[in-house]
Structure formats: structure tokens, C-alpha cells
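Asker:
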Amino acid sequence: MYKILHKEVLSETVKLMILEAPLVAHKAKAGQFVIVRIDETGERIPLTIADFDAEKGTVTIIFQEVGKSTLQMGQLEEGEYFENVVGPLGHATEIKNYGKVVMVAGGVGIAPIFPIARALKQAGNHVTVIMGARNKSLLFWEDRMRAETDEVILCTDDGSYGRKALITEPLKEILEQNKDIAQVWAIGPSIMMKFASLTTKPFNVPTLVSLNTIMVDGTGMCGGCRVVMDSGAKFVCVDGPEFDGHHVDWDLLLARLSFFKTEEQAATEEWKEKDHKCRTDSLFEAGIKAGQNG
Amino acid sequence: MAKKIVPFKVPMSEQPACERVHNYQEVPLGYTPEQAMEEARRCLQCAKPTCMDGCPVNVNIPGFLALVADGDFQGAVNMIKKTNALPAITGRVCPQEVQCEGVCVLNKKFEPVGIGRLESFVADWEAKQGKISAPEAPTQSGKKVAIVGSGPAGLTAAADLARMGHQVNVFEALHEPGGVLVYGIPEFRLPKAIVKREVDYVKSLGAQVQLDFIVGAVATLDELLEKYDAILLGTGAGLPWFMGLPGENLGGVYSSNEYLTRVNLMKAYRDDYDTPVSRGTRVLTIGGGNTAMDASRTALRLGAKESIIVYRRSRAELPARAEEVHHAEQEGVQFNLLTTPIAFHGKDGRVTALECIKNELGEPDASGRRKPVPIEGSNFFIEADVMVIAIGQSPSPLIANTTPELETRKNGTVTADSASMKTSKKGVFAAGDIITGGATVILAMGQAKLAAKAIDEYLQTGIW
Numbered sequence: 530m531y532k533i534l535h536k537e538v539l540s541e542t543v544k545l546m547i548l549e550a551p552l553v554a555h556k557a558k559a560g561q562f563v564i565v566r567i568d569e570t571g572e573r574i575p576l577t578i579a580d581f582d583a584e585k586g587t588v589t590i591i592f593q594e595v596g597k598s599t600l601q602m603g604q605l606e607e608g609e610y611f612e613n614v615v616g617p618l619g620h621a622t623e624i625k626n627y628g629k630v631v632m633v634a635g636g637v638g639i640a641p642i643f644p645i646a647r648a649l650k651q652a653g654n655h656v657t658v659i660m661g662a663r664n665k666s667l668l669f670w671e672d673r674m675r676a677e678t679d680e681v682i683l684c685t686d687d688g689s690y691g692r693k694a695l696i697t698e699p700l701k702e703i704l705e706q707n708k709d710i711a712q713v714w715a716i717g718p719s720i721m722m723k724f725a726s727l728t729t730k731p732f733n734v735p736t737l738v739s740l741n742t743i744m745v746d747g748t749g750m751c752g753g754c755r756v757v758m759d760s761g762a763k764f765v766c767v768d769g770p771e772f773d774g775h776h777v778d779w780d781l782l783l784a785r786l787s788f789f790k791t792e793e794q795a796a797t798e799e800w801k802e803k804d805h806k807c808r809t810d811s812l813f814e815a816g817i818k819a820g821q822n823g
Numbered sequence: 003m004a005k006k007i008v009p010f011k012v013p014m015s016e017q018p019a020c021e022r023v024h025n026y027q028e029v030p031l032g033y034t035p036e037q038a039m040e041e042a043r044r045c046l047q048c049a050k051p052t053c054m055d056g057c058p059v060n061v062n063i064p065g066f067l068a069l070v071a072d073g074d075f076q077g078a079v080n081m082i083k084k085t086n087a088l089p090a091i092t093g094r095v096c097p098q099e100v101q102c103e104g105v106c107v108l109n110k111k112f113e114p115v116g117i118g119r120l121e122s123f124v125a126d127w128e129a130k131q132g133k134i135s136a137p138e139a140p141t142q143s144g145k146k147v148a149i150v151g152s153g154p155a156g157l158t159a160a161a162d163l164a165r166m167g168h169q170v171n172v173f174e175a176l177h178e179p180g181g182v183l184v185y186g187i188p189e190f191r192l193p194k195a196i197v198k199r200e201v202d203y204v205k206s207l208g209a210q211v212q213l214d215f216i217v218g219a220v221a222t223l224d225e226l227l228e229k230y231d232a233i234l235l236g237t238g239a240g241l242p243w244f245m246g247l248p249g250e251n252l253g254g255v256y257s258s259n260e261y262l263t264r265v266n267l268m269k270a271y272r273d274d275y276d277t278p279v280s281r282g283t284r285v286l287t288i289g290g291g292n293t294a295m296d297a298s299r300t301a302l303r304l305g306a307k308e309s310i311i312v313y314r315r316s317r318a319e320l321p322a323r324a325e326e327v328h329h330a331e332q333e334g335v336q337f338n339l340l341t342t343p344i345a346f347h348g349k350d351g352r353v354t355a356l357e358c359i360k361n362e363l364g365e366p367d368a369s370g371r372r373k374p375v376p377i378e379g380s381n382f383f384i385e386a387d388v389m390v391i392a393i394g395q396s397p398s399p400l401i402a403n404t405t406p407e408l409e410t411r412k413n414g415t416v417t418a419d420s421a422s423m424k425t426s427k428k429g430v431f432a433a434g435d436i437i438t439g440g441a442t443v444i445l446a447m448g449q450a451k452l453a454a455k456a457i458d459e460y461l462q463t464g465i466w
């Protein structure tokens, strides 16, 4: 059992939790992920580690409520427990002095980008972060990101905060104006990572993406997470989660991601229909209000 | 006086095939005490029992059969447990036809004694009494052993080492102990309540099990060696093989590991569990081993209208246990033999058909089995919406990658001495599929027993 020590509502659908998981915290590095399970009947859910504290023995996760399992997770409160937290899984990001780097974070991807950006800055890199989301209410950690990096550019699809633009626009401008960008990271929804990779390709700037595919065990046992690279199929859980975005077969990846869409929608509908209706709706309303007022 | 020979086994009643394809309950219904005694009396009590030579863990087979024949079931189970900590499991999953029963003297002309059935009978009988007997706690040696993996090898070694008085900690990466017994072998073949019972028995001997602990990620072998006097690697063969064929990564194409883990460990077949699995209307399983039989029979229980095995050799070469093939056929699994897949075809990212080529049998290959030779131009398509690749697996590279001095072969298996199970790294032993690649539960258990003995010696003498 793994205790929830702290919970924060970052936006209408994005929540942060600090979990007591000393064994994971002791070994965690930026770029790695954990698998959590709410209870006996729950799925195994992979989540990138957003932050960790080896001394306190804690791991921070941030997740967006997109379906039954994440909605249910969002209802857990401080003092309650996850049945399982296992990790750290996958390879850590290679932290070294690349020179000038750009980090592109889309939506909930802000969470995994943060520890990597911080570590890269500490390693001597000049770090620019582009944070984008559909609207203002989905953006979080602007202050933390500003405190740990050199420059933060904000954009929203609807213009409710920062530039009204997709992240590809400022990314392209930076690459046009700076011929010395050594490396780009893009983490967020797969479609965003695809277009970030397409944007950097003509500039020949190496671009790493952190893939979050369908997964069961997270230890290389099921192969459900396989992704096709130019060089052949790889397992996201043990070969990744970071891959060269210029060599990922994005269309296949997107198709595999949507494989359980029907089942997921049905489970989510059923969850909302049942006894959780009131609670979820009031949460959504509160979130929307917070978004409108903020 | 010569004993009267009874040519056939006492029949075992089974759930009818038409019923059982709609549930996950075990297929054989088990013997009654009277039936068990009658079957045990068929044993000729040979002066030189060949059956024992056929058993990788040397169960005293004639000894326990004599006790069953006398109705002393507790005595029988105690005798088995001297060398086999998991009788309810091995009675169900051992390939008896090539081991004890295969070499039973009766088998030359008649049916062999139903040794497997009787082994699981006495183990189940003991469980029904509500009290599982554990031997008296031995004097503690003060030595600590880390066992990596809680599958058949890990549990067997844990039981033996605990009984030798060592402190045993078993590390398991998943959220349930049991390894392949819980993620791989389906409920209808090995009820999970039985696995839990056997795990509890091993715990009752003093072994501790830590879940959610991935050795290689949370701690390296060197880090474990700072706290433990010896390590046994029993991590199995968890890396699924794919075929590298076009279209293999389309949605709906599963490794058998993924398909079975979703259903067995994550219980996707139950409405009250959240993990999804594609139920499919026509399911193809590629491969001919026990795992392929498990997957094809699972597909029927998930509601597939048709379940078809695609295997490249002929029926005679099927590597699965005879009983599994028999059960699969009874349940309506179709066999597309002498057939090799060459490409997966799909639409909108989902698989829709498997392109295959027909084979004929050629000369025997390195495995001694006749080799499939493709017949040119015989390509054909089998339409299906779910396909399961069950062609084998090799050990996960997770530990080897973080332990450079651990010697491995090209196929990822760890090298170990066949008698002492010592690896190339001091203090580290290995047993089971991690050294053999995908094999059987009982072979893993046999190696684990050798390893436990060698570990005990090493702990006492310190000699590597």
C-alpha cells in the first residue's frame, strides 16, 4: 500500500499527487516512469515521474482525467492509498551539457518535462521551455518552470493565456532564429509530439519524445507497448520511454493508442452514469469555474 | 504373487466441453477418495520404480501411491512434500506423459497409473481438511538468501531454503506472487486459489515475499549482495518473441504474454475488473505449445465464435501436453496445421487477416522434429479480428543489462552449471526458464532444488 501524502488540483482535469514510495524515490531519475494500480480490480496505469525526493521517499505523479481509471484516481484523497506503485521503469534521460536546448511540453506533458528541464539546467544547458495547452486552465507549474529554466514561452489553442498558437509555431521560430539549438525534447499528447518532430526535422535538430503507449506490466513482458521505429519494433517500457521522434512510425503509434477506445468510452460512461455522477459533475463544474475566474 | 493388472485408468469426470467453454472453472472434476484409492491400487509397486527416474524432483511415487491405496492421504501428501513443495500445481501442469507416467511399466501395454491426478488429489484433499501441515521450524542459520522471481523456481527454492533454516526473501516485480502460474496459466487449468494456497504454504515455512520490486531497477544484484549472502535468479522467460512479419504491430495482434496476462493476472474476463481485452469473434493463435493451447481455449471462453490454431508442423510435432491438445479439440478449437504465417493484413490500424503459406514435412531438423518446408504458391488468407502470437519467449534482459559480469548466451539465457546452478557471478545462482528458455514448471522446480542444495552448501562452507 502506498499512501497519498499530498494532493493538488492543477486544473479542471489535471491532478497532482505526492506518494510515499521510498524504494522508487531512492532510484528514480528524470525521464523514468512508474506503474500504479488503484485497487484489486484496477488497471496497471503507467505515469511519468513528475518529481521525486529520495530523502523524503516520495514520488510525484501528475495525471489528466481521461477515462474511468484516471477519473477514479482523481477521487482519491490525501491519506488514502494506492494498492501498488512500481518503478522506476524505463531508461532515464541522458543528462549532460548539450548547449542550447528547447523543451516542448503539451498539456499534462508539462509534468514529465519539469524534472528533465531542471536537471538539464543544472548540467549547464541553456533551457527554453515552450508550454502549450488547449486553454489556460490546463496550464500549470509556470512559476516552477520559470524558476528552474532560462526562458518560458506560453501558448494556448484558444488564446486564453500567452500566445494564441500551437506549440509548433514558437518552436519553428526558435529554430529559425537560433542555428545552435543542440537538442529538442517534446512531451505531451502523441499528436503534439508527432508535429513537434515534423517541425524540427527540416532543421535536423535531434528530437527526443517520451512515449506513453498502452502497457500492462511495464517490465518488457507483454509487448503491448511496442512502437515501430525505422530500425524495427521496440518496447517503450524497457527500450524507452524516450525515442528519436524523427524515426517513430507515428501513424501506427496513434492507431495502437486508440485500440481500446470503444472499451474505454463504455467504461467511462458507465462510471459516470453510476453512483459517481454527482461527484464528478460537481468537480467538473468547480474546475470550469476556476478556469473562468482565473 | 503377481499383482492383477488393471489396464485402464479410473475415468476422471470432467466438465462437458459445451459447458466449460462458457466458464473459467477447472476442466477435470477430480477423483473421489474411493476412486483415488482404486487408481492407486493399479500401481504394481515395481522393485525398481522407473517412474521416479522420470520425475525431475524425485517424488517417491510408489511410496505415496501405496499410502493413497491404503487411504492414508495425509501420509501421502507428506511424502510428496518432502521433495515437492507444490504438489497441487505439478499434479495439474506437469507433462506426465513424458515423465513419470511415460516411463510407468504399465504404459508399455496399458494406460499408466494416473500419477498426476493422484498427486493433485492428495494435495487438494489436504487443503479441504482446512489445515496445511508445515514441518517444524528448523534452527536458523543466520544466513540470508534473496530469491528473484516468485514463479515455480523461486517458490520451490524458497521452500527448500526456508526448511534448511535460512532467511529467505522473495522479490516479485508484479503485484501478485506466482509468476507464470498467475499471469500465464489460465484459471481453468490451474485455479489461482490453488496457487495462492501453495504460496501461503511457502510463506508458512518462513519465506517472505516482497511485491512491486523489480530487481535491476530498484536494486542491482550487487546492491542485493550487500544485504544477502546469496541470490537465486528465478525470473523465468518473460520476453515474448515476435516474428518480425509485416503488419505484426497492427492493433489486435497480441503476444501470448499480453493476451494471457490481461485475462489471467488482470482478470479481463471478469466484469468487475477494469483491464480491457479484445474478445474477438474469430481468433487465431500462432504456435503449438501449451501457451498456444491456453490462448486458443481462453479465446473461446471470452466469447469468440471460432478459435483457430496456426502451426507450421503436423499434429505429431505439437509440443503441447497431450491433455491440453485433447481438451482444446474437445472444446472446438480448430487446427490449421502445416501452415506458416507470412504477413498480417489490416484496415485502419486493426488486423483483419493473416496471410499464410502451406508446408510439407521435410527431413528432421536440429530438434529432431521433421522440418516444415513451404510449398511455393500455396499462399492463402485466414480472416480474423484477434491474433495471438504464441511462439515462445526468452528471459528478460533487465537483470543481465544491469549486471555486466553475468554471463549470458546469445538468446538471452543465463549460463549456469548444470549441477550446482552457479552462474558466472559469485554468490548468484539461477534456475528455471532464465537458463533454459521457455520450458516446463517441473524442470524449473527440479533445477531450483539443485540450486537450493548448492546454496546451502555455499552458505555453510563459503566455497564458490
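Protein chains in written order, with this note's numbering: chain A, 530 to 823; chain B, 3 to 466.
Backbone N, C-alpha and C define an ideal beta-carbon position, used for all residues, glycine too.
1. Which bits of chain B does A:F724 rub up against, with CB to CB less than 9 Å?
2. Which same chain residues, not among the five before or five after B:L46, have their C-beta less than 8 Å away from its C-beta?
3. If distances are taken between C-alpha atoms only, which option among B:L120, B:D55 and B:I82 comes closest to B:P30?
4. Name the chain A residues that come within less than 9 Å of B:L400, Cβ to Cβ?
5. Taking Cβ positions only, does A:E572 come closer than 8 Å to chain B?
6. Chain B partners of A:P617, CB-CB under 7 Å?
7. For B:I91, which of B:V182, B:D387 and B:W243 has the nearest alpha-carbon?
8. Cβ-heavy atom distance between A:T678 and the ligand MN below 7 Å?
9. Would you mind reading off the limits of the alpha helix (DSSP H) that contains A:D780?
10. Assuming B:G65 is part of the alpha helix (DSSP H), what are its boundary residues?
11. Kindly indicate if chain A contains any beta-carbon less than 8 Å away from that of B:S122.
12. By alpha-carbon positions, which one of B:S280, B:R22, B:A324 and B:T341 ends up nearest to B:I310?
13. Determine the chain B residues that contact A:V757 at a beta-carbon separation under 8 Å, and present them in chain order.
14. Counting only Cβ-Cβ distances shorter than 9 Å, please list the residues of the stretch 164 to 181 of chain B near chain A, keeping chain order.
15. Look at the Cβ atom of B:L320, then the Cβ atom of B:E200, and state whether they are nearer than 8 Å.
16. Please confirm if the stretch 226 to 240 of chain B is in contact with the stretch 152 to 161 of chain B, defined as three or more CB-CB distances below 8 Å between the two stretches.
17. Compare the Cα-Cα distances from B:T263 to each of B:D273, B:E250, B:V255 and B:T277 and report the closest residue.
18. Would B:F382 be called buried (16 or more neighbouring beta carbons within 10 Å of its own) or exposed?
19. Do A:L552 and A:I533 have their C-beta atoms within less than 8 Å of each other?
20. Below 8 Å on C-beta distance, what does A:E792 contact in chain B?
21. Quick check: what's the CA-CA separation for A:R692 versus A:P770?
22. Just to confirm the assignment: which complete alpha helix (DSSP H) runs, minimum length 4, are found wholly within the stretch 372 to 441 of chain B?
23. Return the CA-CA distance between A:I642 and B:V217, expressed in angstroms with no decimal places.
24. Tell me which residues of the stretch 626 to 640 of chain A have at least one Cβ-Cβ distance to chain B shorter than 9 Å, keeping chain order.
25. According to DSSP, is B:H24 part of a helix, a strand, or is it coil?
26. Considering only the beta carbon of each residue, do B:L304 and B:V23 sit closer than 8 Å?
27. Excluding the 5 residues flanking B:D214 on each side, which residues of the same chain have their C-beta closer than 7 Å to its C-beta?
28. What three-state label does DSSP hand A:E798 in the structure shown?
29. So, for A:K556: in the same chain, excluding its five sequence neighbours on each side, which residues have a beta-carbon less than 6 Å away from its beta-carbon?
30. Closest by CA to A:V588, which one among A:I703, A:T697, A:A559 and A:V658?
31. Hey, is A:V614's beta-carbon within less than 8 Å of any beta-carbon in chain B?
32. Closest to B:F66 by CA distance: which of B:D231, B:A345, B:M81 and B:E409 is it?
33. State the Cα-Cα distance for the pair B:P35 and B:G73, rounded to the nearest angstrom.
34. Is B:T463 buried or exposed, if buried means 16 or more other CB atoms sit within 10 Å of its CB?
35. From B:I251 to B:A345, what does the alpha carbon distance come to, in whole angstroms?
36. CB A:V631 to CB A:I710, shorter than 8 Å?
Answerer: Straight from the coordinates:
1. Here the premise fails: no neighbours, minimum Cβ distance about 19 Å.
2. K5, I7, V107 and L108
3. Of the candidates B:L120, B:D55 and B:I82, the one whose C-alpha sits nearest the C-alpha of B:P30 is B:L120.
4. T748, G749 and V767
5. yes
6. Ordered by position in chain B, the residues that pass the 7 Å Cβ test against A:P617 are A219.
7. B:V182
8. Looking for the ligand MN in the displayed structure turns up nothing, as the structure carries no ligands at all.
9. W779 to L786
10. Here the alpha helix (DSSP H) through B:G65 covers I63 to A71.
11. no
12. B:T341
13. N251
14. Close to chain A, meaning a Cβ-Cβ distance shorter than 9 Å, are the following residues of the stretch 164 to 181 of chain B: A175, L176 and H177.
15. no
16. yes
17. B:T277
18. exposed
19. No, the Cβ-Cβ distance between A:L552 and A:I533 is not below 8 Å.
20. P278
21. 30 Å
22. 400 to 403 and 435 to 438
23. Looking at the two C-alpha atoms, the distance is approximately 27 Å.
24. none
25. Coil.
26. no
27. H177
28. helix
29. P617
30. Nearest C-alpha to A:V588: A:A559.
31. Chain B contact via Cβ: present.
32. B:M81
33. 8 Å
34. exposed
35. Checking the displayed sequence, the identity of residue 251 of chain B turns out to be Asn instead of Ile. Spanning the two alpha carbons is a distance of roughly 11 Å.
36. yes
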